[in-house]
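Residue numbers (our numbering), protein chains in the order written: chain V, 491 to 625; chain Z, -7 to 428.
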Amino acid sequence: MRERLAFLSAVITSVLVLAMSGLLAVKLQSDAQAGASSGAQNLDREEEARFARGRALFFSEGCAGCHSVGGEGNPRGPLDGVAARRSREQLRDFAFGTGTAAQELPRRIAVAKSVYAELSDADREAILAFLESLH
Amino acid sequence: MIRAALWLALYLGLVLLPPALLVLLEPPRSGGFAWDFAMILGYSALAMFGLQFVLTARFKRATAPFGIDLIYALHRWLAIAALLFVMVHVILLAWRYPAALGSADPLRAPWHMSAGRLALILFAFIVLSSLLRKRLRWAYESWRFWHGLAATAALLLAIVHAEGAGHFLNAAWKQWAWGALAAFWIFAIIHVRLLRPWWVARRPWRIASRERLAGRMWRLRLRPVGHEGLRRFEPGQFAWLSFGQHPIRLAEHPFSIASAPGSEELEFAIKELGDFTSTIGELSPDTHVYVDGPYGAFSLDREPQARGFVFIAGGAGIAPILSMIRAMAARGDLRPAVLFYGNRNLQRTAYRAELAALAEQCRLKVVLLLHEPETDWEGERGYISEGILRRHLPEKHDGWHAFLCGPKPMLALAEKSLRRLGFPLAAIHSEIFDLA
Ligand SMILES: Cc1cc2nc3c(=O)[nH]c(=O)nc-3n(C[C@H](O)[C@H](O)[C@H](O)COP(=O)(O)OP(=O)(O)OC[C@H]3O[C@@H](n4cnc5c(N)ncnc54)[C@H](O)[C@@H]3O)c2cc1C
């Protein structure tokens, strides 16, 4: 009987945790929709192919852990259309946490991005070319 | 009941408050329902894992309304739930956002992702090994050691994972709040592994006497060395005992206190069952004993309005009940009580003379129940049943409370019989001796 009681309490607790987590997620959705909806443009297939190398690096170097492109990767940091917002210099600085972006980015992020100093120039150029395709 | 509900509400609050704060204050950028749900579930599961340590950290107030056996059962079921939640967290991401998970190769993956993966593997190991321990014939002490170690490592890795991934930690105060919460869980670990042992180690006990009671039951009396001992507890509560020169915390065992509160010495009634208990007879008299207690909610002191008591004990289950009856005698408590005490035969029945003496002193009726009695036995035979209860309980027993302690099958029978007699659930209290 006591074990049944423990089991029931655990089930009730878990269901409540699940339900509340769902509600919180729904709340976040509605907040986001109320705010400015970020128009995620779909990526042009041809361009995507052209910058395949930069794109591959984008995913293999962990950018996709924080950013998404065309719905792939972490959807909370969409980069679709960044090239329209940012100059090439800014793209470089923000992508790799260098220059003025080092101050503008949250400190944690700047630290996380500092590992990209180890990328080769060619790799960085490829990523940049890929970013520039994101109009 | 109300207190228990309040504690459950507190638990829910502690699990849901962190993700709620992260989401509701300075809302982070949404990533779509699946993403947000997976993240929030991850945070909730982490909070549940953190609280696992708090559940077993022996904070007396938290365990009091439930009883230790219920806490451990909750600990087990909630671990399974939390593991399922983490799996949903991962599966949802792997299904909808595979690129966000990145490479599983620890050489290529960011360290916080590898930490998360390792934590998941450890959590799964902990849950499975605990559920299968008996089937794997894994010795309790060794299992407990690895359980504690793996759980601590897994929790630290999971905290690193959440901080490193940093989703939803979009403000400095959020990171601070997370650090504080993590510190609270880690404090629970430090409390149970370092502070409590240290406190207990400063208050050693010696074996004052030890004798074989009946069959495989021993009576152990402990005397405090250089401190005032443990005089204030509720009769029926238990303590964790460890033996040896040092209080090796991993080799501690729970035993109910059989003596009444208020005396210098503590008495325990211990049955030889396995590796540890069968060495009771060989302990040298100057062994140090360490006592961590009292704990538990199995006590008539919790039911001050009870008008009478049914006690049902089997074998070593007599220990907490003896403490209650002795306390009644010492306090001059004249509420009526009936004790049903089951054993194999008369020779195996401990405390016979003492129980007879207590029956004279209080309004106590003692009914011995033997399932393989000696040939000349004229009392009750077999196991506890509705019929036996009816024969010995007064016609009117409303307002009575029942206290049950013994092997699980006996508890199940006793509960069923009591329910048939009209005892409400809230008036039936039981203590299970098996935590694992
Ligand atoms: C609240 C409570 C009060 C108890 N009071 C008494 C009492 O008054 N008298 C008495 O004889 N027994 C009592 N027990 C049972 C006692 O703790 C176990 O019988 C003892 O720990 C078994 O140890 P062992 O090494 O001899 O047996 P083992 O061979 O190790 O194991 C036998 C079984 O006991 C369980 N067990 C072993 N060690 C522990 C441990 N440290 N904690 C929890 N479970 C364990 C395991 O599930 C195992 O399957 C009580 C148990 C609990 C939970």
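Glycine residues also receive a C-beta, built at the ideal position from the N, C-alpha and C atoms.
Self-check item: residue 136 of chain Z in three-state terms, based on DSSP
Solution: Reading the second sequence from its first residue, position 144 is the one you call residue 136 of chain Z. Residue state, collapsed to three classes: helix.
Quiz item: Less than 7 Å separating the beta-carbons of residue 160 of chain Z and residue 14 of chain Z?
Solution: For the purposes of this step, residue 160 of chain Z is taken as residue 168 along the second sequence, with counting starting at 1. For the purposes of this step, residue 14 of chain Z is taken as residue 22 along the second sequence, with counting starting at 1. Going by C-beta atoms, residue 160 of chain Z is nearer than 7 Å to residue 14 of chain Z.
Quiz item: Along the chain, which unbroken stretches of the beta strand (DSSP E) at least 3 residues long are found entirely within the stretch 364 to 411 of chain Z?
Solution: 392 to 397
Quiz item: residue 429 of chain Z to residue 393 of chain Z, Cα distance in whole Å?
Solution: The first residue shown for chain Z is -7 and the last is 428, placing residue 429 of chain Z beyond what the model contains.
Quiz prompt | Span separating the alpha-carbon of residue 578 of chain V from that of residue 617 of chain V | solution = Within the first sequence, numbered from 1, the residue matching residue 578 of chain V stands at position 88. Within the first sequence, numbered from 1, the residue matching residue 617 of chain V stands at position 127. Distance between the alpha carbons of residue 578 of chain V and residue 617 of chain V is about 12 Å.
Self-check item: residue 349 of chain Z, DSSP secondary structure in three states
Solution: Against the second sequence, residue 349 of chain Z aligns to sequence position 357. Residue 349 of chain Z: helix per DSSP, three-state reduction.
Quiz item: Thinking C-beta only, is residue 47 of chain Z closer than 7 Å to residue 77 of chain Z?
Solution: In the second sequence, counting from the first residue as 1, residue 77 of chain Z sits at position 85. In the second sequence, counting from the first residue as 1, residue 47 of chain Z sits at position 55. Cβ distance not < 7 Å, so residue 77 of chain Z and residue 47 of chain Z don't count as in contact.
Exercise. May I ask you to report which of helix, strand or coil DSSP gives residue 532 of chain V?
Key: On the first sequence, residue 532 of chain V is found 42 positions in, with the first residue counted as 1. Bear in mind that a pLDDT of 36 at residue 532 of chain V, under 50, signals an unreliable position, so the number given afterwards is only what the model happens to contain. Reduced to three states, the DSSP call for residue 532 of chain V is coil.
Quiz prompt | Buried or exposed (CB count within 10 angstroms, at least 16 for buried), residue 603 of chain V | solution = The sequence position of residue 603 of chain V within the first sequence is 113, counting from 1. That one is buried.
Self-check item: Residue span of the beta strand (DSSP E) that contains residue 595 of chain V, given as start and end
Solution: Stepping through the first sequence from its first residue, residue 595 of chain V is reached at position 105. Unbroken run through residue 595 of chain V: none, as it is neither H nor E.
Quiz item: When you compare only the Cα positions, how much space is there between residue 319 of chain Z and residue 268 of chain Z?
Solution: Working through the second sequence from its first residue, we reach residue 319 of chain Z at position 327. Working through the second sequence from its first residue, we reach residue 268 of chain Z at position 276. Approximately 29 Å between the Cα atoms of the pair.
Exercise. Can you tell me which of the three DSSP states residue 78 of chain Z falls into?
Key: The residue labelled residue 78 of chain Z in the question sits at position 86 within the second sequence. Three-state DSSP puts residue 78 of chain Z in a helix.
Quiz item: Per the contact definition of three or more C-beta pairs closer than 8 Å, is the stretch 35 to 50 of chain Z in contact with the stretch 67 to 76 of chain Z?
Solution: yes
Quiz item: Hey, is residue 308 of chain Z's beta-carbon within less than 7 Å of any beta-carbon in chain V?
Solution: Counting from one through the second sequence, the residue named residue 308 of chain Z turns up at place 316. No, residue 308 of chain Z does not count as interfacial toward chain V.
Quiz item: If you measure beta-carbon to beta-carbon, which residues of the stretch 593 to 608 of chain V are closer than 7 Å to chain Z?
Solution: 598
Quiz item: Taking the Cβ atom as the reference point for each residue, do residue 120 of chain Z and residue 496 of chain V lie within a distance shorter than 7 Å?
Solution: Translated into positions along the second sequence, residue 120 of chain Z becomes position 128. Translated into positions along the first sequence, residue 496 of chain V becomes position 6. Cβ atoms of residue 120 of chain Z and residue 496 of chain V: not closer than 7 Å.
Quiz item: With 16 other CB atoms within 10 Å as the buried threshold, where does residue 124 of chain Z fall?
Solution: Here residue 124 of chain Z refers to the residue found at position 132 when the second sequence is read from its first residue. Exposed is the call here.
Quiz prompt | CA-to-CA distance, residue 326 of chain Z to residue 350 of chain Z, given in whole angstroms | solution = Numbered from 1 along the second sequence, position 358 holds the residue referred to as residue 350 of chain Z. Numbered from 1 along the second sequence, position 334 holds the residue referred to as residue 326 of chain Z. Computed Cα separation, rounded: 12 Å.
Quiz item: Exposed or buried, residue 527 of chain V, counting other C-beta atoms within 10 Å across all chains shown (16 or more means buried)?
Solution: The sequence position of residue 527 of chain V within the first sequence is 37, counting from 1. At residue 527 of chain V the pLDDT is 39, less than 50, meaning the model places this residue with poor confidence and gives no usable figure here.
Quiz prompt | Selection from Z:117, Z:380, Z:136 that minimises the alpha carbon distance to residue 75 of chain Z | solution = For the purposes of this step, residue 75 of chain Z is taken as the residue at position 83 of the second sequence. The residue with the shortest Cα to Cα distance from residue 75 of chain Z is Z:117.
Self-check item: Residue-chain proximity (residue 507 of chain V, chain Z), Cβ-Cβ < 7 Å
Solution: Residue mapping note: residue 507 of chain V aligns to position 17 of the first sequence, counting from 1. Yes - at least one Cβ of chain Z is within 7 Å of the one on residue 507 of chain V.
Quiz item: Going along the chain, which residues of the stretch 549 to 572 of chain V sit with their C-beta nearer than 8 Å to a C-beta in chain Z?
Solution: 549, 550, 552, 554, 555, 558, 562, 563, 564, 565, 566, 567
Quiz prompt | Proximal chain V residues relative to residue 89 of chain Z, where beta-carbon distance stays under 8 Å | solution = Translated into the one-based positions of the second sequence, residue 89 of chain Z becomes position 97. Chain V residues near residue 89 of chain Z: 558, 562, 563, 564, 565.
Quiz item: Interface residues of chain V around residue 159 of chain Z at Cβ under 9 Å?
Solution: Within the second sequence, the letter at position 167 stands for residue 159 of chain Z. The contacting residues are 556, 564, 566.
Exercise. Using a Cβ-Cβ cut-off of less than 8 Å, list which residues of the stretch 102 to 136 of chain Z approach chain V; keep chain order.
Key: 102, 105
Exercise. Quick one: give me the first and last residue of the alpha helix (DSSP H) that residue 301 of chain Z is part of.
Key: Numbered from its first residue, the second sequence carries residue 301 of chain Z at position 309. Here residue 301 of chain Z belongs to no alpha helix (DSSP H); instead the beta strand (DSSP E) covers 300 to 306.
Quiz item: Where do the N-terminal and C-terminal ends of the alpha helix (DSSP H) with residue 342 of chain Z fall, by residue?
Solution: Residue 342 of chain Z sits at position 350 when you count from the first residue of the second sequence. From DSSP, residue 342 of chain Z is part of no alpha helix (DSSP H); its letter is neither H nor E.
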